Amino acid sequence: MTEQRKGGLKRSSWLTFRRRLILVRRLLVGPATSSELIEAVTIELRDQGYPGDAISALKHDLDSLKSEYNCQIRFQRRANKYYLSDLGELALLDMPDECMEALAFLDASFPPGTLVPEHANVRSLLDRILMLLPPYRQREHRAHRGTITLQMSPGVPGAVNPKVFGVVKRSIERRQELAFDYRSNSPDMALVQHRVAPYAIFFSPEGHAYLDATPMEVTPPDTTPIKHAVYYRLDRMVEGSPRILSTMLPPERVRPHVYKLRYTLAPEVARRRDVATFFPETTINYQDDGSAIVTANVTNLWQARQILLRYGDACVVEEPDELVDMFHNTAEGLAEAYLGYQKPAPSRR
Numbered sequence: 000m001t002e003q004r005k006g007g008l009k010r011s012s013w014l015t016f017r018r019r020l021i022l023v024r025r026l027l028v029g030p031a032t033s034s035e036l037i038e039a040v041t042i043e044l045r046d047q048g049y050p051g052d053a054i055s056a057l058k059h060d061l062d063s064l065k066s067e068y069n070c071q072i073r074f075q076r077r078a079n080k081y082y083l084s085d086l087g088e089l090a091l092l093d094m095p096d097e098c099m100e101a102l103a104f105l106d107a108s109f110p111p112g113t114l115v116p117e118h119a120n121v122r123s124l125l126d127r128i129l130m131l132l133p134p135y136r137q138r139e140h141r142a143h144r145g146t147i148t149l150q151m152s153p154g155v156p157g158a159v160n161p162k163v164f165g166v167v168k169r170s171i172e173r174r175q176e177l178a179f180d181y182r183s184n185s186p187d188m189a190l191v192q193h194r195v196a197p198y199a200i201f202f203s204p205e206g207h208a209y210l211d212a213t214p215m216e217v218t219p220p221d222t223t224p225i226k227h228a229v230y231y232r233l234d235r236m237v238e239g240s241p242r243i244l245s246t247m248l249p250p251e252r253v254r255p256h257v258y259k260l261r262y263t264l265a266p267e268v269a270r271r272r273d274v275a276t277f278f279p280e281t282t283i284n285y286q287d288d289g290s291a292i293v294t295a296n297v298t299n300l301w302q303a304r305q306i307l308l309r310y311g312d313a314c315v316v317e318e319p320d321e322l323v324d325m326f327h328n329t330a331e332g333l334a335e336a337y338l339g340y341q342k343p344a345p346s347r348r
């Protein structure tokens, strides 16, 4: 065999391998028609991809992937598309044990059906990574029980309407104002229309999805602070009401009002000198009696109250006055609920 002949065979084998690898990569993105698979090959290899009968060559490549690597590729006639469900022996990814431990941590922390992974597509990412692993690694993962998990409340599955989530997300990406009807906390749960500058969606440890936004207008007016940082529960937005407005957001966010926060923690929670930091620019001054004086900056008083309430009576808020008033109201409500409360007598059988 001549050197030229050998070189031609090597190049042909290389092109065949490249072509099949491109097909697998395209099917990993999602189901594809024959035309879409051929197009993916042509984009990368141009006229060297399928120079002859492209359809026949494509079917030969797919058959080879199934026979040589045990790839599970099926054609669904109704959709006229090819589906890749298992890579078989074609392992495209392997990782050291430390990364496998991290994968087990994420897999245990974000199980299917819970709020965060469904909307943040975490499960799709994890399932795709698992699919890329060699069979022996997949078996190890299924048999391995992670010793570390991230404890998050699962929330209410499906509580956030997918269409609501999608509109809110697009408004953030486009940097355009958003309007929506919001269920108020009033006894009649009246609907209030909000026009806001949206900036981010985040998930709380309790499993709720929030929109971080700056209210620009509220109709009818209520206690919502205009041009302050406000967190809106996405599940309280009325389905079908969110709409993206034409008004673009300013280059920089309207700076929300910053409150100087000051509170004292009792010795029972501060004497070990390991007080948690919850707020920006926090300074902790530990006192000789075991207590701690904490100062920080906050923009959302409601959130600050929710965080500090976890300390119970071991925390006394001293500034700002607005937050002190909120705690007064909370304390009065708790007193009304509990001081006159009579514990029911145990039932007799």
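Residue numbers for the sequence shown follow numbering that gives the first Met the number 0, beginning at 0 and rising by one. Backbone N, C-alpha and C define an ideal beta-carbon position, used for all residues, glycine too. Computed from a predicted model, the values in this text were never measured in an experiment.
- Item | Extent of the continuous alpha helix (DSSP H) to which Ala212 belongs | From DSSP, Ala212 is part of no alpha helix (DSSP H) but of the beta strand (DSSP E) over 208-218.
- Apart from the five residues on each side of it in sequence, which residues of its chain come closer than 7 Å, Cβ to Cβ, to Phe297? Reading the sequence as shown, one finds Val at residue 297 and not Phe. Within the same chain, Tyr258, Leu260, Phe278, Ala303 come within 7 Å of Val297 by CB-CB distance, once the 5 residues on both sides are set aside.
- Item | Secondary structure of Cys70, DSSP reduced to three states | Residue state, collapsed to three classes: coil.
- Item | Given Glu251 as reference, the closest of Asp46, Gln175, Glu43 once Cα atoms are compared | Selected option, being the one with the closest Cα: Gln175.
- Taking the alpha-carbon positions, what's the Asp126 to Ala56 distance? Asp126 and Ala56: Cα-Cα distance of roughly 30 Å.
- Where the beta strand (DSSP E) through Tyr82 begins and ends: Here the beta strand (DSSP E) through Tyr82 covers 80-85.
- Message: Are the CB atoms of Val268 and Asp221 within a distance shorter than 7 Å?
- Response: Using a Cβ distance threshold of 7 Å, Asp221 and Val268 do not count as a contacting pair.
- Task: State the start and end residues of the unbroken beta strand (DSSP E) segment that holds Pro166.
- Result: The amino acid at residue 166 is misidentified as Pro; the sequence shows Val. Per DSSP, Val166 belongs to no beta strand (DSSP E); it is in the alpha helix (DSSP H), 161-173.
- Hey, quick one: how far does the beta strand (DSSP E) through Pro197 stretch, first residue to last? For Pro197, the enclosing beta strand (DSSP E) starts and ends at 190-202.
- Between the beta-carbon of Asp60 and the beta-carbon of Arg25, is there less than 7 Å? Going by C-beta atoms, Asp60 is not nearer than 7 Å to Arg25.
- Distance, Ile147 Cα to Tyr230 Cα: When rounded, the distance between both Cα atoms is 30 Å.
- Query: Excluding five sequence neighbours on each side, which residues of the same chain lie with their C-beta closer than 7 Å to the C-beta of Ser290?
  - Reply: Result list for Ser290: Thr263, Leu264, Ala265, Pro266, Ala269, in chain order.
- Query: Taking the Cβ atom as the reference point for each residue, do Asp106 and Pro133 lie within a distance shorter than 7 Å?
  - Reply: No, Cβ-Cβ distance for Asp106 and Pro133 is not below 7 Å.
- Item | Neighbour-count burial assignment, Asp234, 16 or more Cβ in a 10 Å radius | By the neighbour-count rule (16 or more Cβ atoms within 10 Å), Asp234 is buried.
- Message: I'd like the list of long-range same chain contacts for Pro249, defined as Cβ closer than 6 Å, with 5 residues on each side in sequence excluded.
- Response: In its chain, beyond the 5 residues on either side, no residue has a beta carbon closer than 6 Å to the beta carbon of Pro249.
- Query: Per DSSP, which one or two residues make a beta bridge with Val316?
  - Reply: BP columns for Val316 point to Tyr262.
- With Leu102 and Ile128 assumed to form a contact (beta carbons below 8 Å), what rounded beta-carbon distance in angstroms separates them? That belief holds up - the Cβ atoms of Leu102 and Ile128 are roughly 7 Å apart, short of 8 Å.
- To the nearest whole angstrom, what separates the beta carbons of Val166 and Ile42, a pair I think is in contact under 8 Å? Not a contact, Cβ separation roughly 33 Å.
- Message: Let's test the definition: count the other Cβ atoms within 10 Å of the Cβ of Tyr181 and tell me whether it reaches 16, buried, or not, exposed.
- Response: Around the C-beta of Tyr181, 16 or more other C-beta atoms lie within 10 Å, and the residue is accordingly described as buried.
- To the nearest angstrom, report how far apart Val217 and Thr223 are at their CA atoms. Roughly 7 Å separates the two Cα atoms.
- When the Cα of Ala178 is compared with those of Lys226, Ser240, Glu172, Glu97, which residue comes out closest? Looking at Lys226, Ser240, Glu172, Glu97, the one whose alpha-carbon comes closest to that of Ala178 is Ser240.
- Query: Mind checking Leu86: buried by the 16 CB within 10 Å criterion, or exposed?
  - Reply: Around the beta carbon of Leu86, 16 or more other beta carbons sit within 10 angstroms, so the residue counts as buried.
- Query: Val253 and Ala196 look like a contact to me (Cβ under 8 Å); what is the Cβ gap, rounded to whole Å?
  - Reply: The Cβ separation is near 7 Å, so the contact holds.
- Query: Leaving out five residues before and five after Leu83 in sequence, what residues of the same chain have Cβ atoms less than 6 Å from its Cβ?
  - Reply: So the qualifying residues of the chain are Leu26, Ile72.
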